[in-house]
Amino acid sequence: MLRLLLTLLCLCVLPARAGFTDERPDLQSLFGGTPGCFVLYDLGADRLLLVNPERAQRRYIPASTFKLANSLIALETGAVHDADEVIPYGGRPQPFKAWEKDMPMREAFPVSSVPVYQEIARRIGLPRMQAMLRRLDYGNRRTGPAADRFWLDGPLQISAVEQARFAARLAQGSLPLSARSQSTVREIARVGSRDGSTLYGKTGWVFGTQPQIGWWVGWIEREGRVYGFALNIDMQGEQDIGRRTQIGEAILGKLELY
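Position one of the sequence shown corresponds to residue 1 (UniProt numbering), numbered consecutively onward.
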């Protein structure tokens, strides 16, 4: 009986057991009144840090953050040979001049070229896309009937918690995909390094909802550890584009990660 009591006492004082969740309402002030949430997933400790937990569990359309998964699926299925294969954009006028050119994933990913990634998705096709979404357990895993719109308009949706976990697994190379596919996507998702941390990420902007939704999803590598993160905020329009990374970097800075 004494041994059992001692064991229970030890379990009660463990600071961060597997699956531990840490809510941080104090970080909400960094949103400056903008509705939103932030998730940090410490992969090594299986520990979640949540700002606005209710919203962090709510699923939204992923928009261009799906380029992480789309790139992986393209490489894994052979729809695209590598990050340097040039993909045609289709020749139609685009909302951003940077999208009006044929380009490889290595270039299309950072400029977030929608037409190039729509062509990639059409090459993959709905049957293979649906199978890979199930394999990756990505959000609600739904595509609907259009192979090139489901991550822009729905029905595909994913939560910030799911995004952060997905990003951390990609960072570690533990998704159920080849090492080559994961390594290539990590390479094109790299943003930069400073103060001992390396940042990887992808933004997203959901146009067709009111309010619009802005995303920033990625991971930090620091001192041999991996931290997946995901942020989403309400946006009123193009004037709010910069707030996604501004708020995210302010939180990462407060946490002394970047």
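All residues carry an ideal CB built from backbone N, CA and C; glycine is no exception.
task: Inspect the beta-carbon positions of Ala56 and Leu152 and report whether they are closer than 8 Å.
output: no
task: Excluding the 5 residues preceding and the 5 following Arg225 in the sequence, name in chain order all residues of the same chain whose CB lies nearer than 6 Å to its CB.
output: Gly44
field: Rounded straight-line distance, which links the Cα of Glu249 to that of Lys67
entry: 21 Å
message: Give me the DSSP bridge partner(s) of Lys254.
response: Note: Lys254 sits in no beta bridge, so no partner.
message: Quick check on Ser178: buried or exposed, where buried means 16 or more other Cβ atoms within 10 Å of its Cβ?
response: exposed
- request: Given a cut-off of 8 Å, decide if Ile61 and Ile188 are closer than it, judged by their beta-carbon atoms.
  value: no
- prompt: Does the beta-carbon of Ile124 have 16 or more other beta-carbons within 10 angstroms, so that it is buried, or is it exposed?
  reply: buried
- prompt: Do the segment 30 to 48 and the segment 217 to 234 touch if we need at least three Cβ pairs shorter than 8 Å?
  reply: yes
message: Counting beta carbon pairs with one atom in the segment 192 to 207 and one in the segment 216 to 225, are three or more of them shorter than 8 Å?
response: yes
- request: Give the range of the beta strand (DSSP E) segment to which Arg169 is assigned.
  value: Careful: Arg169 lies outside any beta strand (DSSP E), inside the alpha helix (DSSP H) at 160 to 172.
task: Taking all protein chains shown into account, decide if Gly208 is buried (16 or more other Cβ within 10 angstroms of its Cβ) or exposed.
output: exposed
message: Let me check one thing: in DSSP terms, what residues is Ser113 bridge-paired to?
response: Beta-bridge pairing links Ser113 to no other residue.
message: Judging by CA-CA distance, which residue of Ala74, Ile220, Asn52, Asp22 is the nearest neighbour of Ala168?
response: Ile220
- request: Would you mind sorting Pro127 into buried or exposed? The rule is 16 or more other CB atoms within 10 Å of its CB.
  value: exposed
- request: Tell me Ser183's beta-bridge partners as DSSP assigns them.
  value: According to DSSP, Ser183 bridges with nothing at all.
- request: Could you have a look at Arg24 and say whether DSSP puts it in helix, strand or coil?
  value: coil
task: May I have the straight-line CA-CA distance separating Ala108 from Trp99, to the nearest angstrom?
output: 8 Å
query: Are Val185 and Ser71 close, meaning C-beta to C-beta below 8 Å?
result: yes
- request: Might you give, ordered along the chain, the residues of its own chain that have their beta carbon closer than 8 Å to the beta carbon of Arg190, omitting 5 neighbours on each side?
  value: Thr198, Leu199, Tyr200
- request: Taking only the alpha-carbon atoms, compute the straight-line gap between Lys101 and Gly196 and give it to the nearest angstrom.
  value: 36 Å
- prompt: Which one or two residues does DSSP pair with Phe229 in a beta bridge?
  reply: Leu40, Gly218
query: So what does Ile87 bridge to, in DSSP terms?
result: Met103
query: So who's on the other strand from Ile73, going by DSSP bridges?
result: The partner list for Ile73 (beta bridge, DSSP) is empty, contrary to what the question assumes.
query: Could you check where the beta strand (DSSP E) with Arg194 kicks off and where it finishes?
result: 190 to 194
query: Within 10 angstroms of its Cβ, does Ser159 collect 16 or more other Cβ (buried), or is it exposed?
result: buried
- request: Taking Gly78 as the reference, give the member of Gln246, Pro25, Arg59, Met129 with the closest Cα.
  value: Met129
7 Å CB neighbourhood of Gln28 in its chain, flanking five on each side removed: Val51, Asn52
- prompt: Is Gln182 buried or exposed, if buried means 16 or more other CB atoms sit within 10 Å of its CB?
  reply: buried
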